[in-house]
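Numbering of the sequence shown is given in my numbering, commencing with residue 2 and proceeding in unit increments.
Every residue, glycine too, gets a C-beta built ideally from N, C-alpha and C.
None of these values were measured; they are calculated from a predicted model.
All remarks here apply to the structure that follows.
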Amino acid sequence: MKKLLLTFQIIALILVFSADVSALPKKKFTGVVSNGMKGDKISFILSADGKWVEEFTFNGYWRCDGTLEQVTIGPEKRIPVKNGKISGIVVDPENGGATAWRFDVQGSISGKKASGTFRMNINALRCDSYVLKWTATTK
């Protein structure tokens with residue numbers, strides 16, 4: 002009987018410590034750009050385990066061949082987070098090319114606050130957001 006009870010206790014401990022991280026909530030961050038056009042904003046989702054930034058989205062203005070254009074866009078791929086530091090460059094398509102989008106996201110996350118820089122460009126089309134500074138918070 003004692004062996005059976007001990008077995009159940011061990012199984013219960015294994016289940017508790019191996020709980021699926023996906024059950025934890027993801028955090029949605031929203032924020033503003035301080036050195037861009039008025040109204041520029043960013044948003045992203047921090048994965049439940051805190052290791053990835055997903056759905057990073059820029060909503061604002063950039064220059065494309067001398068023209069100011071409003072866009073809502075971001076990299077489709079996740080950006081890694083290590084020790085609270087966001088750092089990633091995503092090229093879409095991955096193999097590059099003259100009209101490839103290049104997204105550069107850098108930053109740091111501490112609790113409910115995040116800050117960093119963002120730049121996107123398409124060199125062959127002379128499109129560039131230039132380096133934008135952002136801050137964001139979550140609830």
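Among the options, the one whose alpha carbon lies nearest that of residue i
| i | options | result |
| --- | --- | --- |
| Thr-58 | Lys-29, Gly-85 and Leu-69 | Lys-29 |
| Thr-118 | Leu-126, Lys-86 and Pro-26 | Lys-86 |
| Ser-88 | Ile-74, Thr-68 and Ala-115 | Ala-115 |
| Pro-81 | Arg-103, Ser-130 and Leu-47 | Leu-47 |
| Phe-45 | Thr-31, Lys-52 and Met-38 | Thr-31 |
| Arg-127 | Asp-93, Met-38, Lys-52 and Thr-68 | Thr-68 |
Neighbour-count burial assignment, residue i, 16 or more Cβ in a 10 Å radius
| i | result |
| --- | --- |
| Ile-90 | exposed |
| Asn-36 | exposed |
| Ala-99 | exposed |
| Ala-125 | exposed |
| Gly-40 | exposed |
Continuous beta strand (DSSP E) stretch holding residue i: start and end
| i | result |
| --- | --- |
| Thr-68 | 68 to 74 |
| Tyr-62 | 53 to 65 |
Residue(s) in a DSSP beta bridge with residue i
| i | result |
| --- | --- |
| Ala-49 | BP columns for Ala-49 are empty, so no partner. |
| Thr-138 | Thr-31 and Lys-114 |
| Asn-122 | Arg-103 and Asp-129 |
| Lys-83 | Lys-86 |
| Arg-108 | Here residue 108 turns out to be Gly, not Arg, going by the sequence shown. According to DSSP, Gly-108 bridges with Ile-87 and Gly-117. |
| Lys-42 | Val-33 and Asn-60 |
For residue j and residue i, believed in contact at Cβ under 8 Å, the rounded distance
| i | j | result |
| --- | --- | --- |
| Ile-43 | Trp-135 | 5 Å |
| Trp-63 | Val-72 | 6 Å |
| Val-93 | Glu-70 | The residue you asked about is not Val; residue 93 is Asp in the sequence shown. Their Cβ separation, rounded to whole angstroms, is 18 Å, which puts Asp-93 and Glu-70 out of contact at 8 Å. |
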